[in-house]
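Data block below; observations after.
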DNA sequence: CGATTAGTTATAGTTGATCTATAACAATCG
DNA sequence: CGATTGTTATAGATCAACTATAACTAATCG
């Protein structure tokens with residue numbers, strides 16, 4: 018598991034953290050049933066506030082990717098496995114968009130809106 | 018062209034506006050060569066500030082989807098046509114993600130990161 | 001040319017999100 | 001029980017988002 022944070026990025030820290038964990042799930046580096054390191058551990062390791070890490074975890078919970086309970090921590094759900102099963106499709110779409118010279122943000126926004134309403 | 022704004026949404030107004038126009042391009046409702054309504058017109062019609070609309074237009078410019086020049090307005094580029102050519106792939110990925118019960122935000126974030134680095 | 005259109009730049013103020021800092025609380029587990 | 005871990009509460013600092021005006025410059029049209 019590789020937790021990256023870029024202070025120079027315009028994206029919020031908790032979004033970066035959640036994105037980092039999401040990518041780990043999609044890549045199969047983090048699997049269903051696994052427990053994420055405790056928020057306090059991560060906060061200490063990355064030198065950010067506890068709440069920042071918890072907000073990232075809650076973002077993943079809202080997406081159905083982890084279950085959270087006090088005393089037990091954040092446990093990866095089966096939805097992470099389903100993300101993993103889409104990795105080839107996502108890579109294919111990304112490659113196609115890249116040859117067309119499309120921006121990451123434009124494509125991501127379209128995909129979001131497609132899944133939300135389309 | 019359908020410009021939607023939802024005040025209750027957590028997304029910034031300029032992102033919503035840009036997303037709305039992007040969706041129009043991907044759907045073929047707005048085509049290369051076409052001129053977008055002037056920022057002042059849109060601002061008046063949606064009752065938002067001129068700068069908010071301009072920021073949305075600049076977002077589209079940064080993504081290569083429009084060219085902007087003073088006196089002439091924002092003109093849709095050929096990149097919009099390439100977005101259109103991806104619509105089927107995007108819809109297919111969205112449908113697959115939907116059957117798996119994945120959230121729009123999770124999938125969109127993965128696609129963004131994929132195109133950025135992967 | 002003169003008037004209009006439309007994006008660009010500048011300044012400033014308000015509101016809300018982000019991040020941090022502490023601390024106490026409640027469920028889980030050995 | 002004691003340690004761990006998420007949850008909740010409060011508060012403060014910093015920055016993004018949005019608004020409001022106004023002046024400026026390039027393009028367009030009669």
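Chains as they are written, first to last, in my numbering: chain A, 18 to 135; chain B, 18 to 135. We put the beta carbon where it would ideally sit given N, CA and C, even for glycine.
Item: Coil, strand or helix - residue 22/B by DSSP; Value: coil
Item: Length-filtered (4 minimum) alpha helix (DSSP H) runs lying within the stretch 30-65 of chain B; Value: 30-44, 56-63
Item: Residue 84/B, DSSP secondary structure in three states; Value: strand
Item: Within 8 Å of chain A by C-beta, residues of the stretch 116-134 of chain B in sequence order; Value: 117, 118, 119, 120, 121, 122, 123, 124, 125, 126, 127, 128, 129, 130, 131, 132, 133
Item: CB of residue 110/B within 8 Å of CB of residue 93/B, strictly; Value: no
Item: C-beta atoms of residue 100/A and residue 74/A nearer than 8 Å; Value: no
Item: Helix, strand or coil at residue 111/A [DSSP, three-state]; Value: helix
Item: Backbone secondary structure at residue 90/A - three-state DSSP; Value: strand
Item: Listed by chain order, chain A residues near residue 39/B by CB distance under 7 Å; Value: 123, 126, 127
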